[in-house]
Structures are given as C-alpha cells and as structure tokens.
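One structure below.
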Amino acid sequence: MNKKIIVYLLGWILIIEAVFMLLPCIVALIYKEASGIWFAAVMAVCGAIGFACIHKKPENLVFFAKEGFVSVSLSWIVLSFFGALPFYLSGEIPRFEDAMFEIISGFTTTGASILTDVESLSKCMIMWRSVTHWIGGMGVLVFILSILPLAGGYNMYIMKAESPGPSVGKLVPKVRTTAKILYKIYLFMTVLQIILLLIGGMPLFDSLAISFGTAGTGGFGIKNDSMAFYNSYYLQGVVTVFMILFGINFNVYYLFLVRQPKEAFRCEEARAYLGIIAASILLITLNIRGSFENVFSAFHHAAFQVGSIITTTGYSTVDFDLWPEFSKGILVVLMFIGACAGSTGGGFKVSRVVILIKAIKKELGSLIHPRSVKILKLEGKPIEHNVMRSINTFLGAYILIFTSSVLVVSLDNFDLTTNFTAVAATFNNIGPGLGGAGPLQNFSHFSPLSKIVMMFDMLAGRLEVFPMLLLFAPSTWKNG
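Offset between the sequence shown (1-based) and this note's numbering: plus 856.
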C-alpha cells in the first residue's frame, strides 16, 4: 500500500477544510459572535497538520483501488473529526458523540440532527452545518481532483469510491477535467438557487444556508420547523424544484452543456426518476386531499415531501408523520429508492432499481423461454457483468448492514417504526424518519451506541458501503 500518498491526500483534505471554515469565521465577525474564535483555532490546527502532510510530495504518486478506497474512507472520518471540534469546544453541543453525529450528518448530507432547538445555535455554527452539506454533496475528494494533478488515470479510483451509483464514468478523457465540469455545474446551480430565493424575499443568510443544504441534498433546517417557517408557496416551490434537479445525474446536465439534448432526454434513469416522482406526487395528493384547504395546497406539500425524500434532502413543510398510512408508506419506499446515480442524492439509486427490475424480467422470460438469449441493456447499451455483480453484492451488503443496525438500535427499546425508519433515514442519508425520528423530532434520545451505529450507517450510505467496510478488512492494510 502506498501510505505516503494517503497521508498526502489527507493533508490536502485538512487544508481544504480550513479554507471552508473561513465562511463561518466571516459570519461570526458580521454577527459579532465569540464562537467564531473556535473556527479560527481549528483552522490553524488543520492548516498546520495539513501543510506538514503535504510539505514533502511523495515520489510515487501512483495509487490503485485499495489506496483510493482507503483514502476516501479516512478522509471523511478525518474531515468529520476536525469539523466537529468547533461544536464541541464552543460548548454549543456539549457531548462529543453528539457533535460527531451532527457533523457526520452534515458531511454525508443526511440532515439528521440531535439538536432540540436549532435556533439556539450561533449564526456561525448554523452556517457551518449548512456548508458541510455543500462540501459533502459532490465530495471533497472530487473537489481535490479538480485542482490537484495526480498520476495518470489512477485517480479514477477516488471518483469510483466517492461518487454515488453502480458505475462511474468520465465525462471527458481526463478525470481532473471531469471533476472541474461537475463542480462548475454544481456551483452554477447553487448560485442560481440563491438568487431565486433572494428574489422571493428570503434573507441572504437564509438563502445561502438553505441553498447549501438543497445543493448537497442534505436538509439541515436553520429553523426549528424547517421550511414550514417560510410560509411561501414561491420559496418552498423553488426549493422543491432544486431538490429534484440536484437529484438528477449530472451527466444529463453535461449533455445539455455540449448541446446534445437528444442524448440527455434518452437517459433512462432520469426518465424513471421523474416518473417515480410524478406518480408519487399524484398518489399522495389524492390521499391527503382532505387534510388541506384545496387541491393545490395538497399538491404543493406532496410535491415538496416527495422531492425531499426521494432526493434524501430531508426538508419538510408539514409533519408528514400525521399523513395517512398509504402516503407514509410511499415516502418510506422513496427513502430506499433514492435519487439518480451521479447526483448529490443518496439511497439505493434509481439506476440500480431499474437494472434489478430488468434482471427480474429477464429471469422470468428465461423461465418461459429457456432457450432465449436476452442481453440486459440500459439506455441502449449492454450492462456489463461486473456492474450486475457489483449491484447484487451491494444489495447483499446493504441488507446485512441495515438489518444489523436495526437490531442494535432496537436495544434502545423504541417502537419498530422509530427504529426502522431511523436506520433507513441515516443509512440512506435522508434525515427525518417516522415516529420518534419524525420530521418534528430529533435523534438526541437515542443511546450513544445507537448514535455510533447510525454514524457508521451515514458514512457507509454516503460512500456506497464498500469503502467503509474495507477499513475493517485485515488484507487492506497488508503491503503488496
């Protein structure tokens, strides 16, 4: 294992984190908050350790799958540890495990919180929570790839480890150029949402925080009643649209950029994703119609919650835990489906669902016609055997981790709905669940053991399971 390149990358991670901490420092200066001193202190520590790690550039910049996956896993753990320090040192989140839960929830764009009163936090802490969503949405190592030249095409291993979906491809021949394109699209869409929210009368601070949370599909609310605080169809509508947009595979936007709209519209995953959203909105609107003053209001809130849950953002405009069981059932299903591969959303991913449905249809067809030979295709292209194998393996690991987590969390003796949806909400990086983990509840009442399990679930869910599991494999740390 090339350990020097891993240390080198971790050094850059700490430097990037120090740079991003400038924003809460600026917010602290504007609002004259003493808590900002802790960001300055942690910045100094991150900067010092970071520069020490990159001071001597490794002679061997080549790394392979093992180094790529380990680098990604350790980077997110290191990022979370130092990111939690301002919360803990300032005393605004007095228990370290709670500070770690909050920051991991931020970086993994989960949005599950242990805070009972979000508005009691200082402005700089609220901004830092939202910034972590934006950093984690596209992936901090993808950001590093866009600015740091590494050896040959080996940095594709980082893209594969950090980017969501069954397979990761390059938009252009160079991975570094691909990373730059992704971040330019990401930044443009974020700025556009900020502008549209400002036009709707939302304050600048709120517009920044909400847009960071939407872009990363994270959903940390900056008000105790989340987006319900903004009693505006326009503002909530803008957030609805952008949640859905950030849940689409960014390859689609690239195709529009290079003026290939026909190719963009042929994206089977995006069509399935939008179809699931449309069907879910229609069914929930019909089911909750009697709970609202008119059909439009029911449609508005149904669209917001469907967009929020399937993209794993987690904002809420109403307490959907009070909705009929049918509507809640649909939302739970959407929790597992998740957004598109190559987006900032979490969950199982629509592409995996589409491929598995095709595989089931193929298997049924082969039972009826044993001699027929049918090739599985997605968007007109054959699905490679290794992609199918990885999906099946991922599904097995997913079920194993999910079941184990539910059993451990059940030791807290909460009801099944709370335990099941709490794990679903953290493992799929959604945020709110149902029952005791509902949209108006929080995760503070869970035991330290349950929080540790859910911290692991959040990291495993964001990194597509295997990078985190590899840390526990003895063979990972052997040379050769």
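Cβ atoms here follow ideal geometry from the backbone N, Cα and C, with glycine treated the same way.
Since the structure is predicted, the reported quantities are computational estimates derived from the model, not experimental observations.
Check	Outcome
What is the residue span of the alpha helix (DSSP H) that L977 lies within?	Looking at the DSSP string, L977 is not in any alpha helix (DSSP H), and its letter there is neither H nor E.
Nearest to F1302 by alpha carbon, out of G1072, Y1109, V1262?	V1262
Among the candidates G903, I1308, I1144, P1295, whose CA atom is the shortest distance from the CA of G967?	P1295
For K1307, count neighbouring Cβ atoms within 10 angstroms of its own Cβ and tell me buried if that reaches 16, exposed if not.	buried
How many Å lie between A1344 and A1128 at the Cα?	Lying outside 857 to 1336, the shown extent of the chain, residue 1344 is not represented and no answer is given.
Classify V1114: buried if its beta carbon has 16 or more other beta carbons within 10 angstroms, exposed otherwise.	exposed
So what's P1180 in DSSP terms, helix, strand or just coil?	coil
If you check the beta carbons only, do F1299 and I933 fall under 8 Å apart?	no
Which value, in whole angstroms, describes the spacing of the CA atoms of L1232 and L941?	49 Å
Grab me the residues of K1184's own chain with a C-beta within less than 8 Å of its C-beta, minus the 5 sequence neighbours each way, in chain order.	F1176, D1177, L1290
Compare the C-alpha of Y1090 against each of H1157, E1125, S1331 and name the closest.	H1157
Would V1279 and M1314 qualify as a contact pair, given that the criterion is a beta-carbon distance under 8 Å?	no
Kindly list the residues whose CB is nearer than 7 Å to the CB of F943, restricted to its own chain and excluding five residues on each side of it in sequence; keep chain order.	I949, A955, E958, I959, M981
Could you pull the start and end residues of the alpha helix (DSSP H) that V1309 belongs to?	1304-1318
To the nearest angstrom, how far is it from the Cα of M877 to the Cα of W984?	7 Å
What residue ranges within the region 1171-1249 form continuous alpha helix (DSSP H) runs of no fewer than 4 residues, ordered along the chain?	1181-1193, 1206-1224
Below 8 Å on the Cβ atoms is my contact criterion, and I expect M994 with Y1042 to pass it. Report the Cβ-Cβ distance as a whole number of Å.	5 Å
Does the distance from the C-beta atom of I1193 to that of I1166 stay below 8 Å?	yes
Does S986 pass the burial test, meaning 16 or more other C-beta atoms within 10 Å, or should it be called exposed?	buried
Taking three-plus beta-carbon pairs below 8 Å as touching, is the region 875-889 in contact with the region 922-929?	no
What did DSSP end up calling G995 once you bin it into helix, strand or coil?	coil
According to the neighbour-count rule (16 or more other Cβ atoms, all chains shown, within 10 Å of its Cβ), is P1371 buried or exposed?	Look at the range of the chain in this structure, 857 to 1336, and you will see that residue 1371 is not part of it.
What's the C-alpha gap between L1326 and T1332?	6 Å
Considering just the uninterrupted stretch of the alpha helix (DSSP H) at N1269, what are its terminal residues?	Segment: none, N1269 is in no alpha helix (DSSP H) and carries neither H nor E.
Taking E975 and N1080 to be in contact with their CB atoms under 8 Å, please state how far apart those CB atoms are, rounded to whole angstroms.	6 Å
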